[in-house]
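Numbering (the numbering used here), first residue to last: 169 to 297.
Using N, Cα and C, we set each Cβ at its ideal position, and we do this for glycine too.
Here the structure is a predicted model, which is why all the values come from computation and not from measurement.
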């Protein structure tokens, strides 16, 4: 294959990979943020604790300290943090200079022709010794 074909194939493969990669995060699912999965984990843990109570006929207050509080949560709590990427706050964008002078044409009279660098004499010969 020629170099041109190799480059075209590489560009095509990269474009397809980038297109697939941009769709991949939207298709993914985090089980730690799924309320159904959280309820299943909580029910499983409560079943374990109830089995221990049924085995002995009483509770030994087993489990973690935070599990003994009413309204406790098992696993990941999506309300206590955010997965957003930090960005600059709104209103703090950098000032963009206006391009008025580049858009408005200048007349030849206003042009600074004296500031241009013209050769007024031929260059001197360089002698290398």
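Rounded to the nearest whole angstrom, the CA to CA distance from residue 219 to residue 206 is 20 Å. Taking C-alpha positions only, residue 170 is separated from residue 179 by approximately 14 Å. Residue 191 and residue 214 have their C-alpha atoms some 38 Å from each other. Under the three-state reduction of DSSP, residue 170 is assigned to coil, being neither helix nor strand.
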